[in-house]
Amino acid sequence: MPNPRFTLALTVALLLSGWLSFPAGVAHAGPKYTLKIASLAPDGSVWANRFNEFTREVTAKSNGEIAFKVYSGGVMGDDRSMYRKMRAGQLQGGGFTMTGIGEIVPDFRVLGIPFLFDSYAEVDRAWAKLWPLLQQAFAEKGLKLVATTEVGFIYTMSTRPLTTVNELRQAKCWVPEGDPISKTYLEKLGIVPMPLSIPDVLTSLQTGMIDTVFNAFYGSIVLQWFTRTKYITDIPFGYSYGALVLDDRAFRKLPAGHQRLIEQAAANNFSNLVNDTRKSNSDALRVLKENGISLVSATPDAITALRANRQRTVDALIGTAFSKRIYETLINEISAYRSASPRTQP
Numbered sequence: 019m020p021n022p023r024f025t026l027a028l029t030v031a032l033l034l035s036g037w038l039s040f041p042a043g044v045a046h047a048g049p050k051y052t053l054k055i056a057s058l059a060p061d062g063s064v065w066a067n068r069f070n071e072f073t074r075e076v077t078a079k080s081n082g083e084i085a086f087k088v089y090s091g092g093v094m095g096d097d098r099s100m101y102r103k104m105r106a107g108q109l110q111g112g113g114f115t116m117t118g119i120g121e122i123v124p125d126f127r128v129l130g131i132p133f134l135f136d137s138y139a140e141v142d143r144a145w146a147k148l149w150p151l152l153q154q155a156f157a158e159k160g161l162k163l164v165a166t167t168e169v170g171f172i173y174t175m176s177t178r179p180l181t182t183v184n185e186l187r188q189a190k191c192w193v194p195e196g197d198p199i200s201k202t203y204l205e206k207l208g209i210v211p212m213p214l215s216i217p218d219v220l221t222s223l224q225t226g227m228i229d230t231v232f233n234a235f236y237g238s239i240v241l242q243w244f245t246r247t248k249y250i251t252d253i254p255f256g257y258s259y260g261a262l263v264l265d266d267r268a269f270r271k272l273p274a275g276h277q278r279l280i281e282q283a284a285a286n287n288f289s290n291l292v293n294d295t296r297k298s299n300s301d302a303l304r305v306l307k308e309n310g311i312s313l314v315s316a317t318p319d320a321i322t323a324l325r326a327n328r329q330r331t332v333d334a335l336i337g338t339a340f341s342k343r344i345y346e347t348l349i350n351e352i353s354a355y356r357s358a359s360p361r362t363q364p
């Protein structure tokens, strides 16, 4: 009769060596669905942290049937690279900037028009109105818009104080590569901007290729841009945001219950991300001031000129960079809000 101790030892050895395995469907089986998702968001940032909360919730509530493999901090390349890898099936999703995914779904850019919003209340009202329209626009491109992400109101950050339009014209301004709205806006002011991908901005600040950038307070700290700028013009240049997008083919391969789980978990976590980013931006402004960054005020004439330039930009881009339908829907919603509410600054 075999020795029980010997039999147990042999079984353990065979399991460890891979000769024996548990049958499919038992508790030790791996996930049924693995989604590979990339993002430019650095590890430890509020965006990465909230996304990790989202993935943990989905994995837990699916009883481990859905797993995620996350590539953060731009290790899969910029927006264009991530999108190409999604099309090739190497990724099932990505966290995109508004500029990057706007090349694929142009209407997603529309909230990024400079000097458009006066407050976050207006932003929230606009998102509520545009969300179903944007979901449809993404679906037409074979993409599932799972959630939007917020960077927040962005400001002009520079190596020297910029308080007038003439001073801005003398600056070496950066614009995101592939962003026709910011590029056209600055060109209409008589500025020739320098298009660069986000990973190239810090190096370009260090070498002096550019001396003026646009970012949210928190974003400038996360990306370390604040180490090369000294002044912030104290009026928002615009509003910046992004999107969590899945390949629609991969999404539809999931059971209906798992699809709903992802949508619900995204709604839970990314609505909280809005609170995260707004608090982080408020806290970051204090940190920036403590690190020697000075706020300067644009002159009244400059503010008037900058706001007037928005319409010239829209006239040049409507129907190409974004549709007339999405723009008019947005403007009508902002107008309706302002008619019912007092205007406030961000």
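The letter at position 172 of the sequence shown is residue 190 when you use the numbering used here, and the numbering goes up by one with no holes. The C-beta atom is built at its ideal place from N, Cα and C for all residues, glycine as well.
When A56, F235, S137 are compared, the shortest CA-CA separation from Y249 is found for F235. In the three-state DSSP reduction, K50 falls in the coil class, being neither helix nor strand. The C-alpha of K271 lies about 16 Å from the C-alpha of L163. When the beta-carbon positions are compared, A56 and M94 come within less than 8 Å of each other.
Classified as buried, E195 has 16 or more neighbouring CB atoms from the shown chains inside 10 Å of its CB. Contact between the region 205-225 and the region 139-154 is absent: fewer than three C-beta pairs spanning the two stretches fall below 8 Å. Take the alpha-carbon of R178 and the one of Q188: they are about 11 Å apart.
The region 233-282 contains, as complete beta strand (DSSP E) runs of 3+ residues, the segments 249-265 (chain order). Nearest C-alpha to V88 among N67, R105, Y203: N67. Under the DSSP assignment, V332 falls in the alpha helix (DSSP H) whose first and last residues are 318-335. Taken in chain order, the complete alpha helix (DSSP H) segments of 4 residues or longer contained in the region 93-153 are 97-105, 116-120. Between the alpha carbons of D301 and N290 lies a distance of about 17 Å. Classified as buried, G113 has 16 or more neighbouring CB atoms from the shown chains inside 10 Å of its CB. Straight through space, the alpha carbons of L279 and V183 are spaced by roughly 49 Å.
Take L204, set aside five residues on each side of it, and the residues of its chain with a beta-carbon closer than 7 Å to its own are C191, V193, P211, in chain order. E168 carries a strand assignment under DSSP once its states are collapsed to helix, strand and coil.
With fewer than three CB-CB distances shorter than 8 Å, the region 95-103 does not count as touching the region 131-140.
Residue state for S312 is assigned as strand, using DSSP reduced to three classes.
DSSP lists K54 as the bridge partner or partners of K87.
The C-beta of G48 has fewer than 16 other C-beta atoms within 10 Å across all chains shown, which makes the residue exposed. Look at K307 here: in three-state DSSP terms it is helix. Q282 is the residue among G92, T221, L129, Q282 whose C-alpha sits nearest the C-alpha of K79. Within a 10 Å sphere around the beta-carbon of N299 sit 16 or more other beta-carbons, which makes this residue buried. A residue is called buried once 16 or more other Cβ atoms fall within 10 Å of its Cβ, and Q110 is buried on that count. Closest in alpha carbon position to K159, among I209, D229, V263, is V263. Membership of L220 in the alpha helix (DSSP H) is indicated by the continuous run 219-225.
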